[in-house]
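Numbered by our numbering, the letters in the sequence shown go through residues 27 to 196 in order.
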Amino acid sequence: FADIIENTIRTISENGGFSFDEKKDTILESDFRDHVLTVLKSMGHFAFAEPTRRKGFIDILLKRNGSEAIIEFKVWGRRKYKQVIGQALSYGTPWTLEYATVMINPNSNPILDKFIENAKNAPGYRYHTVANPEFAPLNKLTSFHYLAKWNKHVTVNHFVINAQLLTSLI
27 FADIIENTIR TISENGGFSF DEKKDTILES DFRDHVLTVL KSMGHFAFAE PTRRKGFIDI
87 LLKRNGSEAI IEFKVWGRRK YKQVIGQALS YGTPWTLEYA TVMINPNSNP ILDKFIENAK
147 NAPGYRYHTV ANPEFAPLNK LTSFHYLAKW NKHVTVNHFV INAQLLTSLI
């Protein structure tokens, strides 16, 4: 699942598949989520948006062979953006193999350090790794968590899309 998610996010965000050149206040996570969903479905993956799970709606649920991945989308600075990791983890089941968050940063400044601080406050946080720490159009980091209710260690892949850097490429 991780490669599928990463390749889809990278392709859409870096290759002009989605326009971030609008005013930063008008970027909607649901628009980007729907674009990702369309790409996943067109590739033949069993993916759907907003299924009910516990106390909310999963942004994208991706299923294959009895296992699943959960993807949550947020825009930095908007409603519940600091809780995105906990939100994704709260939707999991014992069959959830992977979790991912996609954070759209509409600002011209990097947020990676602040995102890492938020990750440290997420349930069961153990440690994290950063694939590319420089301010780039797409940053990737991974956090590792322990979910006591299932006695299970899980990995959450995080993608930070720095929208202002993408619009300068167009």
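Here a beta-carbon is modelled for each residue, glycine too, at the ideal position from N, C-alpha and C.
The model shown is predicted, which means the values in this text are computed figures rather than measured ones.
Let me confirm a value: Ile-196 is counted as buried when at least 16 other C-beta atoms fall within 10 Å, else exposed. Which label applies?
Any reading at Ile-196 needs caution, since the residue's pLDDT is 47, under 50, leaving its predicted position unreliable; the model's value is listed next. Within a 10 Å sphere around the beta-carbon of Ile-196 sit fewer than 16 other beta-carbons, which makes this residue exposed.
Beta-carbon gap between Leu-66 and Pro-77 smaller than 8 Å:
Not a contact, by the Cβ cut-off of 8 Å.
The alpha helix (DSSP H) spanning Leu-115 covers which residue range?
Unbroken alpha helix (DSSP H) run through Leu-115: 110 to 116.
Taking C-alpha atoms, which residue in His-71, Ala-75, Gly-70 lies nearest to Asp-57?
Answer by Cα proximity: Ala-75.
DSSP state of Phe-99, grouped into three classes?
For Phe-99, the secondary structure class from DSSP, reduced to helix, strand or coil, is strand.
Would you tell me roughly how many angstroms separate the C-alpha atoms of Lys-178 and His-171, rounded to the nearest one?
Taken atom to atom, the span from the alpha-carbon of Lys-178 to that of His-171 is near 8 Å.
Put Met-129 into one of helix, strand or coil per three-state DSSP.
In this structure, DSSP gives Met-129 an extended state, which the three-state scheme calls strand.
Look up Thr-181 in the DSSP assignment and give the residues it is bridged to.
Looking at the DSSP output, Thr-181 bridges to Phe-170.
Is the CB-CB distance between Thr-122 and Glu-94 below 8 Å?
The answer is yes: Cβ separation under 8 Å.
What residues match up with Val-82 in a beta bridge as DSSP calls it?
The residue asked about is misnamed: residue 82 is Gly in this sequence, not Val. Per DSSP, Arg-79.
Looking only at C-alpha atoms, which of Ala-145, Ala-73, Phe-141 sits nearest to Gly-103?
Closest option to Gly-103, Cα to Cα, is Phe-141.
Skipping 5 residues on each side, what residues in its chain have a beta carbon closer than 6 Å to that of Phe-83?
The answer, listed in chain order, is Glu-76.
Looking only at its own chain, which residues have a Cβ that is under 7 Å from the Cβ of Gly-112, when we skip the five neighbours before and after it?
The residues are Ala-148, Pro-149.
In terms of residue numbering, what span does the alpha helix (DSSP H) encompassing Thr-64 cover?
Element bounds for Thr-64: 55 to 68.
Please classify Ile-30: does DSSP put it in a helix, a strand, or coil?
Collapsing the DSSP output to three states places Ile-30 in a helix.
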